[in-house]
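In what follows, a structure is listed as structure tokens, so that the remarks can point back to it.
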DNA sequence: GTAGGGTTAG
């Protein structure tokens, strides 16, 4: 039916087949009639004949149901297909690559089928709605079920509905269906336990697990998979072990590799490699999921050699195994290893998927490896990967963090569909480059586009305000978060606002803000206050913040360094020495500063005073030349920040060998104008290096784009984009 | 002759 009018057979034959299939829209008023109608905006033309199925592209290489095409041909040749044939085809599509076709067929069945749908039809159709998270469509199916005396108590249909609402992310609605199931079987309980698990309501799930046993429904292997998985998510090793023991005790729980894998995953998530290894070695059948799960276990606990060894031993690696190792490297900050493995993958002629590309792009972001990032972007285009939200977000993030804001904006603007992550990534891009106004404008546009901001959006906005010194704007956004946007500020948001106030010198207001926090102040809140005190040389408040910070994170070396800098700036060398001794006693080391620069696709890393580079002679000659040209324009090294109380000329030498200066020197000799020198530093850039970079950009007439831990500095003609506010 | 629930990478 279309627009409420039933088409006659004659109409059908006159119309052209539709070329694009879109999801059908079921109007809610149709619930009262118990029939499904196609809305006028559905894009579906009802001139669809059985022969048209042959026009669809079912040759997708990952098509999981090899017989579908065959069935379609058969189906289209059946002059009067019966309900059984309809059901079979709906089932095939519900599990196929495009479940929308199952819903289309269902609608078609209602208007043109030989019979009304039966108790077999509904589970297939609801499953399709679940696969699509199509809440409205599934709810309409639910409406039809409820009104039917035959279906409203059918346990198969009701169980599928529980699963459907869970898949749509609404465990509350799932529970309403579950509560109304007249006599629940083990699948009902399993579905509801899983619904809670999907909604991160782990304790509710475990309560239900106990309740089902009280009602004398025996858990089966599927129940135990969920139970194990919940223990993993809760990091409850004790309960996990009890579940495992229960399974071993009860012979009626059927062994399966899915169950073994779920237990393995539980042990890995709980961080018990011993249990995981024991189970892994006792497993008779290990599939690629088992191997990959074990691999993730080694990676997460930092056993990278064991992980690599396991990876090399795997009998058959699928793309998920590669992705696991690449992602683990990338998330542990081992970006170079991640990219090396990405390279191996290509050498092995394995096709990356979207997950691989997201991880590789993320590794590029961390390293500032723009050339490789561009190459991956070209690869995506060449192999016509669909730019989904994930990939788009990663590309924007990569270009932003590699210092090419223009390209980030290109990607952003060429994307029509933008979810909250895509918008937030672009806002973050502007923020880290100090383009506060643009970030705020984009937030306005995002609201015009009716995309609801989330907590991350606000973090990025605050970051923009902080770097651009937009204090009033930051305060305004903060005050609107809960009342206007319904997002309760978390500790991270409080750190941001403390940072904004503190940087602007409003230390008292920042202190007051911390006092009014509804949750205990986190380490990062105190860190923000400490940073502000360092900028504004407030030793007393700085000590106060540092004391609180160290109470929460005794081994935070960053705090020691900032406080030490604060003492150093105010010339209190005794305090510096005391602090350094206490750091030494607790074997705390300052994180080594490291700067990297990419030249022709190769990333070169420099540490302080590094002499490991093959071109070290040339680099040090260049450094000498820079030093003399800087002196000629009146530059005096800012030695206050050299931590040790050492001799003056030694201080000067230590300062002149900071990693970013080595990278700048290398950049000058290995690249040429007008290409900017792009440097990525793992820590915040120090005052002296910032000054040197400004002067070099003027004297050598070369732009320098330096990314530090927190933001970008664009040095050009002797000035920096941050206006010395960072 | 057709049916429901579960594990890995992001």
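In UniProt numbering, the protein residues as written are 1 to 726. Cβ coordinates follow ideal geometry from the N, Cα and C atoms, glycine included.
Rounded to whole angstroms, the gap between the alpha carbons of residue 548 and residue 259 is 46 Å. In the displayed model, residue 706 falls within a strand according to three-state DSSP.
Residue nearest to residue 266 within the set 85, 227, 579 is 227 (criterion: CA-CA distance). For residue 553, there is no enclosing alpha helix (DSSP H), as DSSP marks it with neither H nor E. Contact between residue 396 and residue 411 is confirmed by a C-beta separation of about 5 Å, below the 8 Å threshold. Uninterrupted alpha helix (DSSP H) stretches at least 4 residues long and entirely within the segment 205-241 occur at 221-234, given in chain order. Inter-segment contact for the segment 616-633 and the segment 558-568 is absent: fewer than three beta-carbon pairs are separated by less than 8 Å.
The Cβ-Cβ distance between residue 127 and residue 88 does not fall below 8 Å. Counting only the Cα atoms, residue 574 lies some 31 Å from residue 693. Annotated three-state conformation of residue 101 is helix, per DSSP.
With 16 or more neighbouring CB atoms inside 10 Å of its own CB, residue 685 falls in the buried class. For the pair residue 500 and residue 465, the CB atoms are nearer than the 8 Å cut-off. Bounds of the beta strand (DSSP E) holding residue 678 are 677-681.
Ranking 264, 426, 181 by CA distance to the CA of residue 235 puts 264 first. Taken in chain order, the complete alpha helix (DSSP H) segments of 4 or more residues contained in the segment 277-348 are 288-300, 304-313, 319-331, 335-347. The beta carbons of residue 689 and residue 714 sit no closer together than 8 Å.
Short of 7 Å from the beta carbon of residue 700, and not among the five residues preceding or following it, lie these beta carbons of its own chain, in chain order: 668.
Counting C-beta atoms within 10 angstroms of its own C-beta, residue 179 has fewer than 16 neighbours from the protein chains shown and is therefore classed as exposed. Inter-residue distance for residue 424 and residue 405 is about 14 Å (C-alpha atoms, whole angstroms).
Under the three-state reduction of DSSP, residue 540 is assigned to helix. Rounded to whole angstroms, the gap between the alpha carbons of residue 286 and residue 268 is 16 Å. By the criterion of at least three beta-carbon pairs nearer than 8 Å, the segment 605-620 is not in contact with the segment 375-386.
Comparing C-alpha distances from residue 450 to each of 670, 367, 485 shows the shortest one belongs to 485. Counted as a single uninterrupted DSSP element, the alpha helix (DSSP H) harbouring residue 467 occupies residues 455-468.
A Cβ-Cβ contact shorter than 8 Å links residue 125 with residue 90. Taking the Cα of residue 276 as reference, the smallest distance to any Cα among 288, 298, 358 is reached at 298. Note that the C-beta distance between residue 295 and residue 311 is below 8 Å. Classified as buried, residue 401 has 16 or more neighbouring CB atoms from the shown chains inside 10 Å of its CB. Assigned with DSSP and collapsed to three states, residue 596 falls in strand. Residue pairing of residue 720 in beta bridges, as defined by DSSP: 715.
Shown here, residue 422 sits in a helix according to DSSP, grouped into three states.
Taking the CA atoms as reference points, residue 314 sits about 35 Å from residue 597. Residue 323 sits away from residue 289, with the two beta carbons spaced by 8 Å or more. In this structure, the CA atom of residue 487 is about 5 Å from the CA atom of residue 481. With 16 or more other CB atoms across the displayed protein chains lying within 10 angstroms of its CB, residue 679 is buried. In this structure, residue 443 sits away from residue 496, with a CB-CB distance that is not shorter than 8 Å.
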